[in-house]
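To keep things clear, I will list the structure first and then write my remarks on it.
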Amino acid sequence: MAEDETILVVDDEKVIRDGCSLILKPHGYRVVTAANGQEALEVLASQPVNVVLCDLKMPVMGALEVLEEAGRRFPDIPIIIITGHGTVDDAVECMKKGAYDFVTKPFRIDHLTLCVNRALEKQRLERETRRLQEEQARNLYSLALEQSRLHTIVNHMGDGLLVTNRDLEVVLLNRAFRQFLDLSAPPPLPGPLSAFFPDVGLQETLESLLSNPQRDPEACLVQDFCQGRLHLRALSAPFFGPEQELLGTVTVFHDVTSFKELDRLKTDFVNMVSHELRSPLSAIKMQHAVLLEGLAGELTGKQQELLHRAQARIQGLIDLITDLLDVAKIESGHRTLEQVPLSLGPVLVEVTDLLSAKALGQGVDLRLVTPPDLPPILGDRRSMEEVFTNLVTNAINYSPDGGEVKVSAAFNGNFVEVRVADTGIGIEAEEIPKIFDKFYRIKSPKTRQIIGSGLGLAIVKTIVEMHRGRIEVESQVGRGTTFQVSLPVAPPARNGEHGET
Ligand code: ADP
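Residue numbers for the sequence shown follow the working numbering, so the first one is 133 and each next one is one higher.
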């Protein structure tokens, strides 16, 4: 039933109006009537009407004028013309003016209802089509708006943006990136990465992301690049489609030039202060040594004890300054690493020999186990000594009297793995990610007595990473800690290349 649909019957003959009502009402239509065109327009203006049945000839206002006026004001209401015999030509004229159909008097009931149903169907279809068109227009508009918004945001970002597809072709870049790279006329998109960013380091990073994509949104690779006078920090990550399929990579370039400059100033300052402090401290330490040797007169037991304690503190300060200078040197890029084939066995022997007296003094059993056939790594001897001296010193320092420190090395795949294992105080799981931060020291009653700068592990990690290696930690509180350093084996030497050290 179509109770919501209203049919307006317009005819000057009451009998026609009543007749139509009688026919249409049983079909569920609401029927309203008007005696002429003028009244019909008033009804149309005052309430919703779906179809108009309109007599062709009426006093006051006929169907032609209704068609004209209603066509202008209510274009989506179909109008069916009711016409008598002999006026078919007029009805055809009405059709030309926009009438939907016509029925001739006297009309058949089924013909009238069929005509009305068809008109209603037409109206429904037209309204649905219009609704869909409007919805589509709205969607297109919001899509265009969204695109233009994104385009504006991307181009107004202070950070540079570079997006590649899975084939490592650049598909999108923004204005900041073009400015950073001085690309006033960038190559056409999509294009090979090398045409947009000359440093092969980025290419290698993106290749590794594409071959081993991490889905963790936090996992992005960070790299620093120097571009003329600009220092750029690049954060690269893979990105995925709605089905979690790999689509490409996105890299954001952050201009860190001012931070680098600040960092340089800070490094210069630390360098200057450290140099200024080191000489007087060394002089004080020497003078203490002279006093302790009794060269300036006999000392009482208490005086000796105090001088020993003061010496330990001064040594702590000298070590801190050495570490600070070391960090400053590494960070400023002034520390150059030799890359020569290096056998770690002798390095470990030297380090453990040097620290054996310290271990003995602290009641710690220090042992070294290395296989004789350890392949060489490609590295810098002095840096490797520093790495293992730091790790073994820590292992001794953080072990109680009677503890054990075992240094061992093994060959595993393409890496030489060195483990420094102690039976010391251990490290809480939540502290492990922080111990490699500069100046980070765990504060606990057990560590309070141990002098340190909190720089050792930061230096170790940096040096290991400069050798393309990695460092891992396993620890159990109260049971001990194991640091494992993995360093890539040196590629086989070619003719004419120098031998190992
Ligand atoms: P520090 O000069 O304090 O030793 P490090 O950077 O070498 O500085 O180490 C950072 C912190 O990590 C130390 O303060 C200590 O709390 C912890 N740590 C390092 N090595 C060990 C270890 N072998 N056993 C227990 N804790 C350790």
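Backbone N, C-alpha and C fix where the C-beta goes; we use that ideal spot for every residue, glycine too.
Owing to the predicted nature of the structure, the values given are computational and were not obtained by experimental measurement.
Exposure label - residue i; buried when at least 16 CB within 10 Å
i: Arg226; result: Note on residue identity: the sequence assigns Cys, not Arg, to residue 226. Buried is the call here.
i: His599; result: buried
i: Cys358; result: exposed
i: Phe391; result: exposed
i: Glu260; result: exposed
i: Met404; result: exposed
i: Arg635; result: Any answer about residue 635 is impossible in this case: the structure gives the chain only from 133 up to 633.
i: Pro238; result: exposed
i: Thr468; result: exposed
i: Asn264; result: Checking the displayed sequence, the identity of residue 264 turns out to be Leu instead of Asn. Leu264 is exposed by the Cβ-count criterion.
i: Leu199; result: buried
i: Phe312; result: buried
i: Phe328; result: buried
i: Met418; result: exposed
i: Gly333; result: exposed
i: Ser607; result: buried
i: Ile559; result: buried
i: Asn271; result: exposed
i: Thr594; result: buried
i: Asp512; result: buried
i: Leu156; result: buried
i: Pro370; result: buried
Close-in-space but distant-in-sequence residues of the same chain around residue i (CB under 8 Å, 5 per side omitted)
i: Leu439; result: His420, Leu423, Leu424 and Leu431
i: Leu293; result: Val286, Leu304, Leu305, Asn306, Ala308, Phe309, Val382, Thr383, Val384 and Phe385
i: Met133; result: In this prediction, Met133 has a pLDDT of 48, which is less than 50 and means its spatial position is unreliable; nothing more can be read from the coordinates.
i: Pro324; result: Leu300, Glu301 and Val302
i: Gln494; result: Ile528, Asn529, Ser531 and Asp533
i: Gly610; result: Ile557 and Gly558
Near the ligand ADP: residue i beta-carbon under 7 Å from a heavy atom
i: Tyr530; result: yes
i: Ala590; result: yes
i: Thr579; result: yes
i: Ser585; result: yes
i: Tyr572; result: yes
i: Thr613; result: yes
i: Gly448; result: no
i: Asp554; result: yes
i: Ala527; result: yes
i: Ile557; result: yes
i: Asn522; result: yes
i: Ile509; result: no
i: Ile285; result: no
i: Ile453; result: no
i: Ile416; result: no
i: Ile603; result: no
i: Ile462; result: no
i: Ile595; result: no
Beta carbon of residue i nearer than 8 Å to that of residue j
i: Ala442; j: Thr399; result: no
i: Thr484; j: Val539; result: yes
i: Ser531; j: Val524; result: no
i: Val181; j: Leu244; result: no
i: Glu482; j: Glu437; result: no
i: Pro322; j: Asn297; result: yes
i: Leu196; j: Lys229; result: yes
i: Glu267; j: Asp208; result: no
i: Tyr232; j: Ile211; result: yes
i: Gly556; j: Thr613; result: yes
i: Ile300; j: Leu364; result: Position check: residue 300 holds Leu in this sequence, whereas Ile was assumed. No; because the gap between Cβ atoms is not below 8 Å, this pair is not in contact.
i: Phe543; j: Leu510; result: no
i: Gly169; j: Val192; result: yes
i: Thr502; j: Ala561; result: no
i: Lys578; j: Tyr572; result: no
i: Gly73; j: Val295; result: Any question about residue 73 goes unanswered here, given that the chain covers just 133 to 633.
i: Leu362; j: Asp387; result: yes
6 Å Cβ shell around residue i - same chain, five flanking residues per side excluded
i: Ala167; result: Asp144
i: Ser585; result: Leu452 and Asp455
i: Ser618; result: Phe547, Glu549, Gly601 and Arg602
i: Pro508; result: Pro473, Leu474, Ser475, Ala622 and Glu632
i: Thr165; result: Val141 and Arg149
i: Asp497; result: Glu536
i: Arg551; result: Ser540, Thr614 and Gln616
i: Leu643; result: This structure cannot speak to residue 643, because the chain is shown only from 133 to 633.
i: Gly477; result: Thr502 and Leu506
Spatial neighbours of residue i in its chain, beta-carbon cut-off 7 Å, leaving aside the 5 residues before and after
i: His201; result: Note on residue identity: the sequence assigns Glu, not His, to residue 201. Correct list, in chain order: Leu173.
i: Val592; result: Val519, Asn522, Leu523 and Ile603
i: Glu253; result: none
i: Leu409; result: Ile453
Within-8 Å CB hit, residue i to chain D
i: Glu604; result: In the structure shown, chain D does not exist; there is a single protein chain.
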